[in-house]
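In what follows, a structure is listed as structure tokens, so that the remarks can point back to it.
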RNA sequence: GCCCCCAUCGUCUAGUGGCCUAGGACACCACCCUUUCAAGGUGGCGGCACGGGUUCGAAUCCCGUUGGGGGUGCCA
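Numbering (my numbering), first residue to last: 5 to 473.
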């Protein structure tokens with residue numbers, strides 16, 4: 005048996021769809037494990053959506069999820085537009101062999117005839133009219149009688165009655181090839197042995213299989229994997245859903261988490277945990293084990309996976325991984341004074357509290373800005389005589405205590421006891437004064453870093469704010 | 001309308017005729033831990049769409065119903 009050849013055939017749209025990413029991953033896992041080839045073919049023949057600059061975006065998106073163009077198993081990219089002559093030639097061959105015929109009806113006329121007869125689709129009007137090629141004439145495939153059985157690796161046998169399939173168009177009136185033809189001819193040219201794609205293509209499959217056979221080849225192995233859907237159970241689309249892989253990347257999702265999560269949609273690794281390394285996925289993934297029903301693309305679960313992956317990182321790695329987002333924050337806050345050591349100290353505390361890397365700056369911003377941005381709701385929570393009293397007592401205690409997290413803790417305990425509060429409660433007003441919010445990373449460590457003077461200044465500032473309110 | 005696919009906790013799934021009193025994960029709830037919030041630990045809630053068969057025995061096989069979804073272009 006020759007090595008299998010897989011492929012993905014995205015069109016350049018300016019972003020890479022997460023559903024396409026999952027399909028790519030399925031193909032990639034199999035190509036790698038079976039010693040096969042993963043072919044990238046960019047279907048750039050739709051003139052309305054075709055920008056050369058989008059091509060690099062596809063390569064980059066694939067690289068991000070671990071499908072590297074430098075890997076020996078990777079082949080391409082090929083561009084569908086480069087094979088237009090072959091597509092047309094195949095159409096002509098089909099015509100010469102009697103598998104296709106020309107028709108001079110416009111699409112409007114086809115519609116009218118359909119409406120008049122009450123039957124959907126094209127009625128085969130020109131099947132036996134013996135028309136020669138000419139301007140405005142489309143080439144249609146002569147769908148044979150009988151039925152077409154598609155052998156699908158995930159769904160088993162699917163039978164289509166050919167009577168329900170109209171004589172579809174191969175070449176447009178202007179002579180250009182249609183998707184169905186181009187797609188099949190390309191797959192033949194590239195010797196694709198396995199076509200793994202989304203379920204939406206299943207209805208196309210009998211047509212493509214007939215094309216393969218009419219062109220004198222055995223059809224490839226088909227596999228139609230379930231769709232990714234939103235909470236309304238509709239397939240996720242650019243219009244209503246967040247589908248761009250690049251967007252998740254920019255929001256600080258880790259590629260490992262995204263890949264792992266995507267692979268659990270429609271499939272599951274053996275055992276009781278879904279969090280598994282790619283090596284496990286690569287060795288265990290089987291098309292036969294893919295689920296048949298659509299899967300909800302759940303952002304909550306993706307976030308949970310991402311949190312797991314973030315926490316699994318060595319802290320140095322986490323710290324470094326945050327850098328792009330920290331740099332972005334610095335650019336947006338020229339007034340801030342960055343202190344790399346402080347960040348390094350805080351990184352471990354931040355790591356267990358973020359779900360995406362993009363959330364990191366907001367966890368530590370108060371350390372670097374001259375004054376914390378006071379969150380109104382948080383300020384409201386600590387606007388009370390008791391809070392004011394706690395702030396005053398704290399300021400007094402901090403003015404004289406030793407300056408370390410431990411000493412600050414003791415000082416807090418004294419203040420808390422004097423007010424009949426639990427230490428955590430007593431911290432709240434000070435936390436708002438120091439960080440601007442009621443929640444955040446552990447306070448004592450932050451206070452130690454900021455130093456006595458800044459802390460006292462911030463407490464004063466909040467006291468004034470509360471008094472004015 | 002026609003064609004096709006699908007149906008296990010709210011969600012993602014395990015399960016391929018007896019091991020199922022249906023397992024895990026996310027979410028949710030409670031408790032523990034605790035300097036807020038997290039993280040972590042423990043426990044809980046919660047499901048085989050429905051109706052017929054087949055079988056000694058069905059979540060697993062068959063048929064139907066219902067309910068979802070996809071496809072029906074001179075788009076890809």
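For every residue, glycine included, the Cβ atom is placed at its ideal position computed from N, Cα and C.
Predicted, not measured: the structure shown is a model, and the values here were computed from it.
Express the C-alpha separation of residue 306 and residue 209 in angstroms, rounding to a whole number. 32 Å
CB of residue 225 within 8 Å of CB of residue 180, strictly: no
If you count every other CB in all the chains shown that lies within 10 Å of the CB of residue 203, and 16 or more means buried, which is it? buried
Span of the alpha helix (DSSP H) around residue 307: That run of the alpha helix (DSSP H) goes 303-316.
From 207, 381 and 154, pick the residue whose C-alpha is nearest to that of residue 437; which is it? Comparing Cα-Cα distances from residue 437 to each of 207, 381 and 154, the minimum goes to 381.
Return the chain-ordered list of same chain residues with a C-beta closer than 8 Å to the C-beta of residue 292, the five sequence neighbours on each side being excluded. 157 and 158
Round the Cβ separation of residue 130 and residue 109 to the nearest angstrom and send it over; I've been treating them as touching at under 8 Å. 7 Å
For the stretch 424-439 and the stretch 454-466, state whether three or more C-beta atom pairs, one from each stretch, are separated by less than 8 Å. Taking 8 Å as the limit for Cβ pairs, the verdict is that the stretch 454-466 does touch the stretch 424-439.
At which residues does the alpha helix (DSSP H) containing residue 452 begin and terminate? 447-454
Proximal residues to residue 460 (C-beta, below 7 Å), its chain only, five neighbours per side dropped: 399, 402 and 403
Terminal residues of the beta strand (DSSP E) in which residue 81 lies: 78-83
Would you give the residue range spanned by the alpha helix (DSSP H) that residue 324 belongs to? 319-325
Contact defined as beta carbons within less than 8 Å: I believe residue 141 pairs with residue 135. What is the distance between those atoms, to the nearest angstrom? 6 Å
Run through DSSP, which three-state label would residue 160 get? strand
With which residues is residue 142 paired in a DSSP beta bridge? Its beta-bridge partners are 107.
For residue 348, I'd like the list of residues in its chain whose CB is within less than 7 Å of its CB, leaving aside the five on either flank, ordered along the chain. 323
Ignore the nearest five residues each way along the sequence and tell me which others in residue 334's own chain have a CB closer than 7 Å to its CB. 340 and 342
Could you pull the start and end residues of the alpha helix (DSSP H) that residue 58 belongs to? In the DSSP assignment, residue 58 falls within the unbroken alpha helix (DSSP H) covering 56-68.
Okay, do the stretch 42-50 and the stretch 79-98 touch, 3+ Cβ pairs below 8 Å being the bar? Yes: the two stretches touch, three or more of their Cβ pairs being nearer than 8 Å.
Which residues in the same chain have their Cβ closer than 7 Å to the Cβ of residue 27, if we skip the five residues on either side of it in sequence? Excluding residues within five positions, the ones whose Cβ falls inside 7 Å are 12, 200, 201, 202 and 229.
Nearest residue (CA-CA) to residue 419, options 441, 174, 409 and 391: 391
Taking residue 270 as the reference, give the member of 14, 16, 126 and 23 with the closest Cα. 23
So, are the CB atoms of residue 354 and residue 362 less than 8 Å apart? No, they are not a contact pair.
By the DSSP assignment, the beta strand (DSSP E) with residue 228 in it spans what residues? 225-229
In the DSSP output, what is residue 151 paired with across the bridge? 165
Straight-line CA distance for residue 445 to residue 369? 11 Å
Close-in-space but distant-in-sequence residues of the same chain around residue 452 (CB under 8 Å, 5 per side omitted): 407, 408, 409 and 412
Taking the alpha carbon of residue 21 as the reference point, which residue from 360, 69 and 166 has its own alpha carbon closest? 69
Can you tell me the Cα-Cα spacing of residue 185 and residue 258, whole angstroms? 38 Å
Candidates 285, 87, 155 and 372: closest to residue 31 by CA position: That would be 285, whose Cα lies nearest to the Cα of residue 31.
To the nearest whole angstrom, what separates the beta carbons of residue 114 and residue 106, a pair I think is in contact under 8 Å? About 14 Å; that fails the 8 Å criterion.
Which same chain residues, not among the five before or five after residue 206, have their C-beta less than 6 Å away from its C-beta? Same-chain partners within the cutoff: 228.
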